[in-house]
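Undergrad: Chains as they are written, first to last, in our numbering: chain A, 1 to 158; chain B, 159 to 316. Ideal placement from N, C-alpha and C gives every residue a C-beta, glycine not left out. Since we're looking at a predicted model, the values are computed, not measured. Below you'll find the structure I mean.
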DNA sequence: CTTGGAATGTCAACAAGGCTGACGTATTAT
DNA sequence: ATAATACGTCAGCCTTGTTGACATTCCAAG
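What follows is the structure in structure tokens.
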């Protein structure tokens, strides 16, 4: 609120985001490609894993894509037995989503390679840098997405 | 090198990258869409602006896409008069790239909206957080991309 | 000096994964 | 009853990645 970053700092931050995001997605992308999946499948697996039993609508809000786009991805994951879809008990219009054993296995594998890189970066940068990293990223989110982020952060689990 | 981030920290970092990147690209994306361009056009404009007279090959190394993919984007920008391509004097196989006045104008506009968000995030997070943000992102890059990043950082200019 | 290989860039065609629009079907809410 | 909600699906479009084939240019070995 009180500081005045230089144009040079801003440019470096922008370029760092671009290059770092490439590294961030690279390792999972390789595994996904071997299995005939893409980044969209990874995102679906990740957030279903994070909120087991979530509905399609909730997933749409988090992912920020159209239902047609999400549906294409979910259909593939369900057909391949990685995701299970059950009609809601209370509201039968809703479909609730869970990972199967196979789905959890793939999600774990993807998470492992992605975490490995982040872990290395965090360890080498140190805890204070990590705190700053986290703060800046949160400030960069849209408010609505920041809400989703906080909700996920408050969830129980590892 | 010495710390041991928790699985929870890693998960939060991963999700923060995902949500923050959405915010990061959102404002330029809107302008680009109005003009019938996409993110790829933004990247080309940005890095041509950063290294005026650069060759297609150099751009390929930075962007990490195939030359066919880049070529489609460059062709559109050249046809629309935003980028100028000149055959190399020394090596006539090479094409050297510059932004035209119109190209620089669009790049400035895109940079302005993107910088505005980063500036706000930086200002509200404070300079120490920004330093940590930068450190972690650099550690997340692939070595080759980190080299490109450093080279760009050392360039003269605003 | 010629010729073959490497480097550079272009064109064509295809796939993933976004998008909009329209429609069908349960189910729930008013 | 009627309207709204949640979800699925079909059709078609766009951007942006991919591979394959090809033309041009440069350079170095013979």
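If we call anything under 8 Å between Cβ atoms a contact, is residue 261 of chain B one with residue 235 of chain B?
TA: Yes.
Undergrad: Ends of the beta strand (DSSP E) at residue 253 of chain B?
TA: Taken as a continuous stretch (DSSP letters only), the beta strand (DSSP E) holding residue 253 of chain B covers 253 to 257.
Undergrad: Count the other CB atoms, across all protein chains shown, that sit within 10 Å of the CB of residue 273 of chain B; report buried if there are 16 or more and exposed otherwise.
TA: Buried is the call here.
Undergrad: Can you name the start and end residues of the alpha helix (DSSP H) that residue 128 of chain A belongs to?
TA: 127 to 140 is the extent of the alpha helix (DSSP H) around residue 128 of chain A.
Undergrad: Between A:135, A:139, A:120 and A:30, which has its C-alpha nearest residue 298 of chain B's C-alpha?
TA: For residue 298 of chain B, the nearest C-alpha among the options comes from A:120.
Undergrad: Which residues does DSSP pair with residue 85 of chain A in a beta bridge?
TA: Note: residue 85 of chain A sits in a beta bridge opposite A:97.
Undergrad: Which full runs of the beta strand (DSSP E) of 3+ residues lie inside the region 45 to 72 of chain A, going along the chain?
TA: Whole beta strand (DSSP E) segments, 3+ residues: zero.
Undergrad: With three or more beta-carbon pairs closer than 8 Å as the criterion, would you say the region 277 to 293 of chain B touches the region 120 to 140 of chain A?
TA: The region 277 to 293 of chain B is in contact with the region 120 to 140 of chain A.
Undergrad: So residue 73 of chain A packs on residue 44 of chain A, CB below 8 Å; how close in whole Å?
TA: Their Cβ separation, rounded to whole angstroms, is 5 Å, which keeps residue 73 of chain A and residue 44 of chain A in contact under 8 Å.
Undergrad: Pull up the distance between the alpha-carbon of residue 10 of chain A and that of residue 143 of chain A, whole angstroms please.
TA: Residue 10 of chain A and residue 143 of chain A: Cα-Cα distance of roughly 21 Å.
Undergrad: Roughly how far, in whole angstroms, is the beta-carbon of residue 62 of chain A from the beta-carbon of residue 47 of chain A, given that I think they are within contact range, below 8 Å?
TA: Their Cβ separation, rounded to whole angstroms, is 5 Å, which keeps residue 62 of chain A and residue 47 of chain A in contact under 8 Å.
Undergrad: Under 8 Å, do residue 208 of chain B and residue 303 of chain B count as touching if we go by C-beta distance?
TA: No, Cβ-Cβ distance for residue 208 of chain B and residue 303 of chain B is not below 8 Å.
Undergrad: So if I threshold CB-CB distances at 8 Å, which residues from the region 3 to 26 of chain A count as touching chain B?
TA: Taking 8 Å as the Cβ-Cβ cut-off against chain B, the residues of the region 3 to 26 of chain A that qualify are 3, 4, 5, 7, 8, 9, 10, 11, 12, 13, 14, 15, 16, 17, 18, 19, 20, 21, 22, 23, 24 and 26.
Undergrad: Taking 8 Å as the CB-CB cut-off, is residue 154 of chain A touching chain B?
TA: Cβ-Cβ to chain B under 8 Å: no for residue 154 of chain A.
Undergrad: Starting from residue 171 of chain B, trace the alpha helix (DSSP H) in both directions and tell me its first and last residue.
TA: Looking at the DSSP string, the run of the alpha helix (DSSP H) that includes residue 171 of chain B is 165 to 193.
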